[in-house]
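The next block holds one structure in the form of structure tokens; read it before the comments.
Protein chains in written order, with the working numbering: chain A, 1 to 377; chain B, 1 to 83.
Written out as structure tokens, the structure is:
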């Protein structure tokens, strides 16, 4: 490994970054997730944290642009130079630019964004090119499998030589795999077996159903119902307005006000909370009532007041023509939706204590239920 | 003097690509001649040796096929001899 002459480094513990221009090759959400993952390669091994900001000037400004992009080093079209970054310092220090003439991907095809971003962020932290061909900081691009990717040893030594070692391998306190959160008596655990029970939110997570109410959730397994404090599983989350599981990625999203979090089972993903504006909601939307992912269409339906939105998970964009009135496309499910989830191919929409079982493909209500019926009362 | 055999087998395109590569990634104040005007053979060979050494190639100062192969690889835009 090598460092830049004079060993420039960041003198503070939290570094901000902002992505000002995105590539059309990937959804914004995917770019955000990969950039977060690239920074996490470093925050896992050095006592530095990285925080994404969405306005103003960040320590590390990031953009995707072809050819001339505002500095004295215009890009050169496809292949050749893929990206570059400045060494740590004020103003343009740390800034990182990606050549948008490349085909940015999350796989072996084209140019893998995680590998190149992690390389450039090495420069942004003060690493120079390495002569070790197995190092991330080797100058030429070489694809490697990024599943479970960690910083190679040469780069880890290089960055720790500048910033020291982060003692625990994981920057966030993470529960042991498969801990069974102990039910904690909270100030006011909600009463499950009441006919007029109203859910805040509901979702499936890895084959089990979760029903959220105040600061608690009920976890419905094949054999039991457990009442657990939300904070004891996801420390950063107090209560939930809406939730949905994006099954093909195994990620669930929780919404509260104008922020949302990503989780994988009991593990909170780094880089959150993020603003819901990233889905394309206008600032007038201050709360999501309910959300549900419809696998057959690849859309996530978001319910807000008497309207609903349709978000294309593949393109990462809202479908045109939304919002639309709920009663327009979902007659019979009520005027608003407090909670929604999918179970064995049927959608369940709650409006107050009342719940309708809905057959999406046929566009019709099958049954009318009560929320509390799910809680083995 | 007659050009060396290796020299003759190098295409103009490869030669120019190599010069541009060295100018971008191996020019710092000590080799300003690379960045200022057309490269003299002496400068070119010296700088090429520097690049061949960095990539663990055979250090010949000559534009052989392995060296051209590395020059054509996609890569990071930061110089290998950072100032």
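We put the beta carbon where it would ideally sit given N, CA and C, even for glycine. Predicted model, so just to flag it, every value in this text is computed and none were measured.
Just to confirm the assignment, what range does the alpha helix (DSSP H) spanning residue 13 of chain B have? 12–25
Kindly list the residues whose CB is nearer than 8 Å to the CB of residue 151 of chain A, restricted to its own chain and excluding five residues on each side of it in sequence; keep chain order. 41, 42, 44, 45, 118, 136 and 159
Can we say the stretch 221–235 of chain A touches the stretch 7–25 of chain B, given the rule of at least three CB pairs closer than 8 Å? no
Would you say the beta carbon of residue 226 of chain A comes nearer than 6 Å to a heavy atom of the ligand SAH? Ligands in the displayed structure: none, and consequently the ligand SAH is not present.
Return the CA-CA distance between residue 252 of chain A and residue 210 of chain A, expressed in angstroms with no decimal places. 11 Å
Cβ pair count under 8 Å reaching 3, the stretch 267–283 of chain A against the stretch 193–203 of chain A: no
To the nearest angstrom, report how far apart residue 335 of chain A and residue 306 of chain A are at their CA atoms. 6 Å
Output needed in chain order: residues of the stretch 81–98 of chain A with a Cβ under 7 Å from some Cβ in chain B. 81, 82, 83, 84 and 85
Suppose the cutoff is 8 Å on Cβ atoms and the five residues either side in sequence are ignored; what does the same chain contact list for residue 80 of chain B look like? 25, 26, 51 and 54
In chain B, what lies closer than 8 Å to residue 141 of chain A by C-beta? 73, 74, 75 and 76
Cβ pair count under 8 Å reaching 3, the stretch 21–31 of chain A against the stretch 310–317 of chain A: yes
My output table needs one value for residue 247 of chain A: the three-state DSSP class, helix, strand or coil. helix
Quick test of your reading: residue 290 of chain A and residue 340 of chain A, contact by CB under 8 Å. State the CB separation rounded to the nearest angstrom. 4 Å
Helix, strand or coil for residue 185 of chain A? Go by DSSP, reduced to three states. Residue placement at residue 185 of chain A cannot be trusted, given a pLDDT of 48 that sits under 50; what the coordinates show is reported in the next sentence. In this structure, residue 185 of chain A counts as coil in the three-state DSSP scheme.
So which residues of chain A does residue 59 of chain B contact, with C-beta pairs closer than 7 Å? What residue 59 of chain B touches in chain A: nothing, since even the nearest Cβ is about 13 Å away.
Which of helix, strand or coil DSSP assigns to residue 230 of chain A: helix
Check whether the Cβ atoms of residue 88 of chain A and residue 126 of chain A sit closer than 7 Å, and answer yes or no. yes
For residue 66 of chain B, report the span of its alpha helix (DSSP H) as first-last. 65–71
Look at residue 189 of chain A and residue 216 of chain A and say whether their C-beta atoms are less than 7 Å apart. yes
Under the three-state reduction of DSSP, which class applies to residue 371 of chain A: helix, strand or coil? helix
Verify the CB distance criterion: does residue 64 of chain B have a CB-CB separation below 7 Å to chain A? no
Excluding five sequence neighbours on each side, which residues of the same chain lie with their C-beta closer than 8 Å to the C-beta of residue 300 of chain A? 244, 246, 291, 292, 293, 294, 310, 311 and 313
So residue 116 of chain A and residue 82 of chain A are supposed to be a Cβ contact under 8 Å. How far apart are they, rounded? 5 Å
Does any CB atom of chain B fall closer than 7 Å to the CB of residue 131 of chain A? yes
For residue 95 of chain A, collect the residues of the same chain with a Cβ closer than 6 Å to its Cβ; drop the 5 residues on either side in sequence, then sort them by chain order. 61 and 86
Distance, Cα to Cα, residue 351 of chain A vs residue 366 of chain A? 15 Å
Might you give, ordered along the chain, the residues of its own chain that have their beta carbon closer than 8 Å to the beta carbon of residue 155 of chain A, omitting 5 neighbours on each side? 1, 122, 127, 130, 135, 136 and 137
Examine chain A for any beta-carbon lying closer than 7 Å to the beta-carbon of residue 80 of chain B, and answer yes or no. yes
Do you know whose CA, among A:236, A:231, A:254 and A:157, lies nearest residue 204 of chain A's CA? A:254
Considering just the uninterrupted stretch of the alpha helix (DSSP H) at residue 288 of chain A, what are its terminal residues? Element bounds for residue 288 of chain A: n/a, residue is neither H nor E.
Looking at the C-beta of residue 54 of chain B, does it have a partner C-beta in chain E at a distance below 7 Å? This model lacks chain E altogether, as its protein chains are A and B.
From the DSSP secondary-structure annotation, give me the bridge partner or partners of residue 242 of chain A. A:255
Closest by CA to residue 368 of chain A, which one among A:343, A:333, A:342 and A:344? A:333
Quick one: using the 10 Å Cβ neighbour count with 16 as the cut-off for buried, is residue 342 of chain A buried or exposed? buried
How would you label residue 76 of chain B, buried or exposed, when you count the other beta carbons within 10 angstroms and need 16 or more for buried? buried
Tell me residue 137 of chain A's beta-bridge partners as DSSP assigns them. Bridge partners of residue 137 of chain A: none, in fact.
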